[in-house]
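Notes follow the structure.
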Amino acid sequence: MLNFDELKAEDLDIYNAIKKEKERQNSCIEMIASENFTSLAVMEAMGSFLTNKYAEGYPNNRYYCGCVNVDTVEDLARQRLCKLFGAEHANVQPHSGSQANEAVYIACLEKGDNVLSMSLNSGGHISHMSKASAQSRIYNSFYYDVDPETYLIDYDNILKIAMECKPKLIITGASAYPRAIDFKKFREIADKVGALLMVDMAHIAGLVAAGLHQSPVPYADFVTFTTHKTMRGPRGGAILCKKEWAQKIDSAVFPRMQGGPLEHIIAGKAVCFKEALTEEFKEYQKQVIKNAKILADSLIENGINLVTGGTDNHLVLLDLRKDGITGAELADCLDNIGITANKNAVPFDTTNKSVTSGLRLGTPAITTRGFLQEDVRQISKIISEVIHFKCKIPEEKFTEYKQIVNNLCLKYPLYS
Ligand code: DSN
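In case it helps, my numbering puts the sequence shown at residues 21 to 436.
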């Protein structure tokens, strides 16, 4: 276990905040679909001497001396990542998923180019040219929604929009889409209109690595992702691309977008990629999906509406529009019980983004902790009842829920 003695002696305030956060993680049920618990090996790499080193450039081509060891680390991270996804080229320097996306835009777009991406309400991400992003001021953004009846991606409609707006780049991948995405179909659409294709697989990268979701790598010109969600590594980003784009992607990341790479984080990424190449990781991802499916099934059995009526991946999206409560109310209410989740827009949501009509739940973190289907059923029962109570939980029920959460957390201890 990590030893915080030095920190405790040096800065008690920060030590105490970290200690309390460890206690919070131990005693709450983490169901934010984009969160996970990284291994202590990854944490040790992140907390290492590598943080002291400047290393602008790339292995064997740096602007600073003394890079021999960080070169070893970054080369291993790149090699392991290419092996994991069968990719031609990898860049492991982006500090985040948004910056990985930004680097792709820098590499392949000019000011004013047309870009087609999934709308925020349909499950897309802010960094996919949403109106709130800086990129939407630089590029000319067009959006596709999910089908208004099924809430599934409508590939024919995307082709229709693409034929009209003739985008230079099509973006797919989502933060709140519970179904499998057909990247081959996106490639066909891109080819029909002469567009490049970027897939942001941040949410599903771990499932792809385990062979449980179609890989975008054979189909996309660029694949971006974060390393901390289903991948279970350190907080950060990465890019995969075809060889022909390697040089442009590398120079977009550095020097055009970022300065010095965070080699201590890159070391954590390398450890994460090694872990992801194991059989244990595949088994873990299978359980993530099993847990998500039982979560979806039991919520539906309890009368809760789910966007698309279920899930193919690690997340479910609750549609609360018939229940008389908002996503914000439900998220806060569950937080008080010790179940951590996030409010989320549902397709065609008309409420404010800080309120929303949905709740997003995910199983990566609880599965890392060891939760199995019968445990998920208990969580689902609590969430359903809270919805039926419209967040006005009777006192005895509140006590009962807290006890169940406590028992589950004790059953699957996280950090000692
Ligand atoms: N903020 C992440 C999520 O929660 O999905 C996406 O970047």
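Positions of the beta carbon are idealized from the N, C-alpha and C atoms, including for glycine.
Since this is a predicted model, take the numbers as computed values, not measurements.
Taking the alpha carbon of D47 as the reference point, which residue from N356, T383, Y159, K401 has its own alpha carbon closest? Within the sequence shown, numbered from 1, the residue matching residue 47 stands at position 27. Inspection of the sequence shows that residue 47 is occupied by Ser rather than by Asp. When only C-alpha atoms are compared, the closest one is N356.
From the DSSP output, in three-state form, read off E108 for me. As a position in the sequence shown, residue 108 is number 88, starting the count at 1. Here E108 sits in coil by DSSP.
Cross-strand partners of I146 (DSSP beta bridge): Here residue 146 corresponds to residue number 126 of the sequence shown, with the count starting at 1. Answer is none; I146 lacks a bridge partner.
Cβ-based neighbour list, A61, same chain, cut-off 7 angstroms, excluding 5 preceding and 5 following: Taking the sequence shown and counting its residues from 1, one reaches residue 61 at position 41. Once the five neighbours on either side are set aside, the close Cβ partners of A61 are V291.
For C185 versus L136, is the C-beta distance shorter than 8 angstroms? Reading the sequence shown from its first residue, position 165 is the one you call residue 185. Reading the sequence shown from its first residue, position 116 is the one you call residue 136. Yes. Within cutoff.
For a quick check, are the C-beta atoms of N160 and G143 less than 8 angstroms apart? Stepping through the sequence shown from its first residue, residue 160 is reached at position 140. Stepping through the sequence shown from its first residue, residue 143 is reached at position 123. Cβ atoms of N160 and G143: not closer than 8 angstroms.
What is the rounded straight-line gap between the Cα of D339 and the Cα of G214? Sequence index remark: in the sequence shown, residue 339 carries index 319 (1-based). Sequence index remark: in the sequence shown, residue 214 carries index 194 (1-based). Each residue's Cα considered, the two are about 36 angstroms apart.
Are the CB atoms of L217 and Y239 within a distance shorter than 8 angstroms? As a first step, residue 239 must be located in the sequence shown, where it is residue number 219. As a first step, residue 217 must be located in the sequence shown, where it is residue number 197. Against a cut-off of 8 angstroms, the Cβ pair of L217 and Y239 comes out as a contact.
Take every Cβ of the segment 162 to 178, pair it with every Cβ of the segment 218 to 231, and state whether three or more of those distances are shorter than 8 angstroms. no
How far does the alpha helix (DSSP H) with I403 in it extend, from its first residue to its last? For the purposes of this step, residue 403 is taken as the residue at position 383 of the sequence shown. Counting along the chain, the alpha helix (DSSP H) containing I403 begins and ends at 393 to 408.
From which residue to which residue does the beta strand (DSSP E) around K363 run? By 1-based counting over the sequence shown, the position of residue 363 is 343. Taken as a continuous stretch (DSSP letters only), the beta strand (DSSP E) holding K363 covers 362 to 364.
Can the beta-carbon of F242 be found closer than 8 angstroms to that of I259? The count along the sequence shown starts at 1 and reaches residue 242 at position 222. The count along the sequence shown starts at 1 and reaches residue 259 at position 239. In this structure, I259 lies closer than 8 angstroms to F242 by Cβ.
Based on Cα-Cα distance, which residue from I324, S318, Y74, S68 lies nearest to K410? Walking along the sequence shown from the start, residue 410 turns up at place 390. Cα-wise, what sits closest to K410 is I324.
Residues around ligand 1, please: the ones whose beta-carbon is closer than 5 angstroms to some heavy atom of it, in chain order. S54, S195
On the CB-based measure, 16 or more other CB atoms within 10 Å of its CB, does I34 come out buried or exposed? The residue you call residue 34 lines up with position 14 of the sequence shown. Exposed.
Please report the distance separating the alpha-carbon of D25 from that of L32. To locate residue 25, count along the sequence shown from 1; it is residue 5. To locate residue 32, count along the sequence shown from 1; it is residue 12. Going from the Cα of D25 to the Cα of L32 covers about 10 angstroms.
Please classify T419 as buried or exposed, where buried requires at least 16 neighbouring CB atoms within 10 angstroms. Locating residue 419 in the sequence shown gives position 399, counting from the first residue. The residue is exposed, with fewer than 16 neighbouring Cβ atoms inside 10 Å.
8 angstroms Cβ cutoff met for T247 and P254: Counting from 1 along the sequence shown, the entry for residue 247 is found at position 227. Counting from 1 along the sequence shown, the entry for residue 254 is found at position 234. The answer is yes: Cβ separation under 8 angstroms.
Given a cut-off of 8 angstroms on the beta-carbon distance, is the pair A385 and A296 in contact? Here residue 385 refers to the residue found at position 365 of the sequence shown. Here residue 296 refers to the residue found at position 276 of the sequence shown. Their beta carbons are not under 8 angstroms apart, which means A385 does not touch A296 by this criterion.
Nearest by alpha-carbon distance to K401: which of A53, Y421, H109, M183 is it? Here residue 401 refers to the residue found at position 381 when the sequence shown is read from its first residue. Taking only the C-alpha atoms, the option nearest K401 is Y421.
DSSP state of Y159 mapped onto helix, strand, coil: Numbered from 1 along the sequence shown, position 139 holds the residue referred to as residue 159. Of the three classes helix, strand and coil, the one that applies to Y159 here is coil, per DSSP.
I'd like the list of long-range same chain contacts for I320, defined as Cβ closer than 8 angstroms, with 5 residues on each side in sequence excluded. Here the question's residue 320 lines up with position 300 in the sequence shown. Same-chain partners within the cutoff: L326, G329, G330.
As assigned by DSSP and simplified to three states, the class of F57: Numbered from its first residue, the sequence shown carries residue 57 at position 37. Looking at F57 - three-state DSSP - the assignment turns out to be coil, as it is neither helix nor strand.
Between the alpha carbons of R157 and L22, how many angstroms are there, rounded? Within the sequence shown, residue 157 is the residue found at index 137, counting from 1. Within the sequence shown, residue 22 is the residue found at index 2, counting from 1. Their Cα atoms are separated by approximately 44 angstroms.
Cutoff 6 angstroms; reference E108; Cβ partners in own chain excluding five residues on either side: Locating residue 108 in the sequence shown gives position 88, counting from the first residue. Result list for E108: K262, K263, in chain order.
When you compare each of M51, E55, G378, E94 to I285 by their alpha carbons, which one comes out closest? Residue numbering aside, residue 285 sits at position 265 when the sequence shown is read from its first letter. When only C-alpha atoms are compared, the closest one is E94.
Can the beta-carbon of L428 be found less than 8 angstroms from the beta-carbon of G382? Numbered from its first residue, the sequence shown carries residue 428 at position 408. Numbered from its first residue, the sequence shown carries residue 382 at position 362. Result no, Cβ atoms of L428 and G382 do not sit closer than 8 angstroms.
Considering R380, what are the terminal residues of the alpha helix (DSSP H) in which it resides? Counting from one through the sequence shown, the residue named residue 380 turns up at place 360. Premise fails: R380 lies in the beta strand (DSSP E), 378 to 382, not in any alpha helix (DSSP H).
Three-way DSSP call (helix, strand, coil) for N36 in this model: For the purposes of this step, residue 36 is taken as residue 16 along the sequence shown, with counting starting at 1. In this structure, N36 counts as helix in the three-state DSSP scheme.
With 16 as the cutoff for other CB atoms within 10 Å, does D332 come out buried or exposed? As a working note, residue 332 is residue 312 in the sequence shown. Buried.
Rounded separation between K180 and K204 - CA only: Numbered from its first residue, the sequence shown carries residue 180 at position 160. Numbered from its first residue, the sequence shown carries residue 204 at position 184. Distance between the alpha carbons of K180 and K204: 17 angstroms.
Could you tell me whether the Cβ atoms of A65 and A365 are closer together than 8 angstroms? Reading the sequence shown from its first residue, position 45 is the one you call residue 65. Reading the sequence shown from its first residue, position 345 is the one you call residue 365. No, they are not a contact pair.
Identify every residue that forms a DSSP beta bridge with G77. Working through the sequence shown from its first residue, we reach residue 77 at position 57. G77 is bridged to R82.
Selected residue, minimal CA-CA separation from I190, among E208, K40, W265: The residue you call residue 190 lines up with position 170 of the sequence shown. Ranking the options by Cα distance to I190, first place goes to E208.
Please return the same chain residues whose Cβ sits closer than 8 angstroms to the Cβ of E283, not counting the five positions on each side in sequence. Numbered from its first residue, the sequence shown carries residue 283 at position 263. Counting only Cβ-Cβ distances below 8 angstroms, and skipping sequence neighbours, we find L70, T71, K73, A75, V90, V93, E94.
Taking 8 angstroms as the cut-off, decide whether the C-beta atoms of Y125 and Q99 are in contact. Mapped onto the sequence shown, residue 125 falls at position 105. Mapped onto the sequence shown, residue 99 falls at position 79. For Y125 and Q99, no; Cβs fall outside 8 angstroms.
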